[in-house]
Amino acid sequence: MIDRQRCFSFPLVLVIFTSIGSLAFGQATFRGDAARSGAYDASLNARRLALRWRYQTQGPVRSSPAVSGSLVVFGSDDGSLHAVSITTGALAWTFEAGGAISSSPAIAGDTVYVVSADASVFAVDLETGVLRWRVGLGEPLPCKWGYDYWLSSPIVTRVGLVLGSSDGRVLCLDVETGASRWSHDAGTRLVSSPAVRDDTIFIGGMDGRLRALALESGEERWTFETEGASIDLEDAGYDRRSIVSSPSVHGSHVTFGSRDGKQYCVDSASGELHWKVGHPVSSMPGAPQVSWVEGSPATTAEATYIGTSDGAFACARALESGDELWRFDAGSRVNASPSVAGDHLLLGTGAGWVHVLDRATGNERWRFRTGDAVHSSPVVASGIVLVGSDDGSLYAFSDLDSEGQPLPERAVYFEKGPGSSWFRGAGDLATVFEERGFRVVGSIDLARRLEDWVERAEKATLVCASDMLPADVLDDRRLLRRFLEGGGRVIWVGVAPLALELDGNGGVRRTAAATSREVLEFDSSTLSPIAGEERRSVVTEAGRRMGLPDWTLASFPVDRQDVDVVLTENSSGQATAWVKQIGGRGGAFIRVWGRERRMADTAWIVRIAEAR
């Protein structure tokens, strides 16, 4: 069932408007533009996306960031507005608002506008974070049904700073002073972020009504009632009325979601219904169409994209008809607003995943798991994807390095079943790397993937969670060698590298001495009787720089003269973790761990694999 939590006192909706859906003063705002399209003029190579940096706050980051020049500005429920460098995540300044900031800031010129949960709107200097003015707002209207994480987000226009307050009013304030210009009494709590098209404001209310107001005066032009407006909430037992979703406008179409379980599309001039669709909850008997639609749609000329709460999916619909084009099973709630970036759709989920989908098909191209639920909407700027998480962090992902060069592809090899790995932690380790955005490759695809990397001279990183390579890779020994010579990196965690091949029952079928000789230039299959014994190894200075533990148990040592860098060594001076450099383009075979048991701590091996 839908969560029925206590009412959070998130008082207001701040909006600042533009004319004709384009932003004034180079403004940055929630959903990217005044029409709240959620579409960014950017292209990404999902195969290469990787974590660029992570900035930690002291509260959930449900605010979506705004970007101006080199600064990223966003709020946190720790009560502060944070500004960090877009390239490094280094802190530029913080502003203490005195209340949680779950709304997204707007930036216009040299000023940041933001709303906090203490019923205040602030104007802050972009470069310094120094307060310019503050306006207090009225007492929030009661919020009986709760689950109100968000504040409405600001937007700047030629008329002024317009905000919908939780005290039931839509206000227009002077952007320079905060003085009132006009006020409209909506009579309902407002958390939806208004959208603007031409001279009209569109804003949803917690009474289940979408309102269209005149930009110049705040005069109401029309009101559209959702099905939720007439639902008896006492009988329902939970909120099936509120419009938390912010409307998205494209041409004559205004589309938005509602807690009555529907997505609506209405005419921008008249408020007449174009179409409506329900969102079923398949886990409930009869799959009733009651799943909340909390997020704001991303909208293009062809389609609208939105997620759903208890339904645990996201979908694409034709903008003209509402016909479903595809559906993506997210596996958890999708309360965040999706974003379009070129051919991709970016999506956050309640399980903490950030997904990148093919916009035409809904097929997943990449994913990364944050430490908690994602309620923030992804923003794309300067080739970087920015998104907040309830773990208190703002994450930055990119397919380019700091020099603007394409990042290498990253994959983890994992195959299920007996005979696929001596190392027992293969599945756990593969999951760790999958959650870090690595592509999972199985035995059927590994040779083809290596051939592709070799053909493109790709300096990819391959983590071998399973330590028994498929027969076609072992037989074509030059393939792995050519991959390394081209600058590729292999991270090996298990048995003596390329030394053994297991049968279907987990027994040794053959040694692979020829493979290890041709790939690594020494015979790692000539093992002494005690080679498989686990003995204490200590880290070298080189290993310490790479983040390895001070000591560990390890097996299958090699002569240190056969490798280029020793990372850990046993009491006999043999190398148990090491680096073998191949070719002259930075290719390397890195052997670590060397135990049959699972790893308790994987952070250090992740650091090695992600090092660039």
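Numbering (this note's numbering), first residue to last: 1367 to 1978.
Ideal Cβ placement from N, Cα and C applies to all residues, glycine included.
Here the structure is a predicted model, which means the values were calculated and not measured.
Sequence-distant residues of its chain with Cβ nearer than 8 Å to residue i (five each side left out)
i       : result
Gly1502 : Ala1485, Ser1486
Ser1634 : Arg1563, Thr1566, Phe1568, Ala1578, Val1615, Gly1617, Ser1618, His1619, Val1620
Arg1844 : Glu1884
Phe1391 : Confidence in Phe1391 is poor, its pLDDT being 37 and thus under 50, which makes the residue's placement unreliable; the coordinate value appears in the next sentence. Correct list, in chain order: Ala1474, Gly1475, Val1522.
Three-state class that DSSP yields for residue i in the structure shown
i       : result
Glu1586 : strand
Thr1797 : helix
Ile1857 : strand
Asp1633 : strand
Asp1533 : coil
Phe1461 : strand
Trp1959 : coil
Ala1865 : coil
Thr1621 : strand
Thr1592 : coil
Phe1763 : strand
Ser1742 : coil
Ala1545 : coil
Ser1611 : coil
Asp1841 : helix
Leu1581 : coil
Arg1973 : helix
Thr1566 : strand
Val1885 : helix
Glu1730 : strand
Leu1378 : The predicted model places Leu1378 with a pLDDT of 36, which falls under 50 and marks its position as unreliable; any figure quoted below should be read in that light. In this structure, Leu1378 counts as strand in the three-state DSSP scheme.
Phe1440 : strand
Nearest-angstrom beta carbon gap, residue j and residue i [assumed within contact, 8 Å]
i       : j       : result
Val1528 : Val1536 : 7 Å
Ala1777 : Phe1804 : 6 Å
Val1807 : Arg1815 : 5 Å
Ser1409 : Ser1429 : About 25 Å separates the two Cβ atoms, so there is no contact after all.
Thr1592 : Arg1577 : So it is not a contact: roughly 12 Å between Cβ atoms.
Ala1483 : Gly1512 : That belief does not hold up - the Cβ atoms of Ala1483 and Gly1512 are roughly 14 Å apart, past 8 Å.
Leu1447 : Ile1467 : 6 Å
Pro1744 : Gly1714 : 7 Å
Gly1758 : Thr1423 : 5 Å
Gly1673 : Val1700 : 3 Å
Own chain residues within Cβ distance below 6 Å of residue i, not counting five before or after
i       : result
Gly1952 : Gly1853
Trp1858 : Cys1830, Arg1957
Ser1519 : Phe1396, Ser1469, Ser1470, Ser1559
Trp1959 : Val1859
Val1856 : Leu1828, Phe1955
Gln1947 : Asp1930, Ala1954
Ser1787 : Ser1832, Asp1833, Met1834
Leu1795 : Ala1831
Neighbourhood of residue i by C-beta distance below 7 Å, restricted to the same chain and skipping five residues each side
i       : result
Ala1456 : Val1450
Ala1595 : Asp1573, Gly1574, Arg1575, Arg1607
Trp1499 : Ala1489, Thr1543, Gly1544
Arg1731 : Ala1412, His1710, Val1722, Leu1723, Asp1724
Leu1691 : Ala1669, Ala1682, Arg1683, Ala1684
Thr1942 : Ser1903, Ala1920, Pro1923, Thr1934, Glu1935, Asn1936, Gly1960
Cys1790 : Residue identity differs from the one stated: residue 1790 is Arg in this sequence, not Cys. Excluding sequence neighbours, Arg1790 sits near Glu1962, Arg1963, Arg1964.
Ala1458 : Leu1437, Ala1449, Val1450, Ser1451
Ser1649 : none
Of the listed residues the options, nearest to residue i (C-alpha basis)
i       : options                            : result
Asp1407 : Pro1560, Ile1452, Thr1665, Asp1444 : Thr1665
Asp1842 : Leu1812, Gly1860, Val1861, Asp1833 : Leu1812
Gly1688 : Arg1926, Arg1973, Ser1832, Val1632 : Val1632
Thr1477 : Ser1558, Gly1661, Ala1432, Ser1657 : Ala1432
Ala1837 : Ser1649, Ser1809, Leu1713          : Ser1809
Val1751 : Cys1681, Glu1660, Val1706, Asp1889 : Val1706
His1495 : Pro1508, Asp1757, Val1480, Cys1509 : The sequence shown places Gly at residue 1495, not His. Closest option to Gly1495, Cα to Cα, is Val1480.
Ala1394 : Phe1440, Thr1423, Arg1418          : Phe1440
Ser1764 : Arg1802, Ser1649, Cys1538          : Arg1802
Glu1887 : Val1839, Pro1651, Val1945, Glu1900 : Val1945
Glu1585 : Tyr1604, Cys1538, Ser1611          : Cys1538
Phe1679 : Asp1551, Ile1521, Glu1660          : Glu1660
Ala1463 : Ala1472, Asp1444, Gly1475          : Asp1444
Ala1552 : Ser1546, Arg1587, Ile1974          : Arg1587
Ala1401 : Ala1667, Gly1504, Leu1760          : Ala1667
Ala1826 : Gly1398, Val1656, Leu1415, Ser1403 : Leu1415
Leu1760 : Gly1398, Trp1419, Ala1405          : Trp1419
Residue i: CB within 7 Å of a non-hydrogen atom of the ligand COA
i       : result
Trp1658 : By its list of ligands, the structure shown contains no ligand whatsoever, and the ligand COA lies outside what it can speak to.
Please give me, in chain order, every unbroken run of the beta strand (DSSP E) with length at least 3 that falls completely inside the region 1646 to 1720.
1669 to 1673, 1679 to 1684, 1690 to 1695, 1705 to 1707, 1710 to 1714
Contiguous beta strand (DSSP E) assignments of at least 3 residues, all confined to the region 1770 to 1830:
1776 to 1779, 1805 to 1807, 1827 to 1830
Please give me, in chain order, every unbroken run of the beta strand (DSSP E) with length at least 3 that falls completely inside the region 1468 to 1518.
1472 to 1474, 1477 to 1482, 1486 to 1491, 1497 to 1502
Note down, one range per segment and in chain order, each beta strand (DSSP E) of at least 3 residues found wholly within the region 1917 to 1944.
Whole beta strand (DSSP E) segments, 3+ residues: 1917 to 1920, 1931 to 1936.
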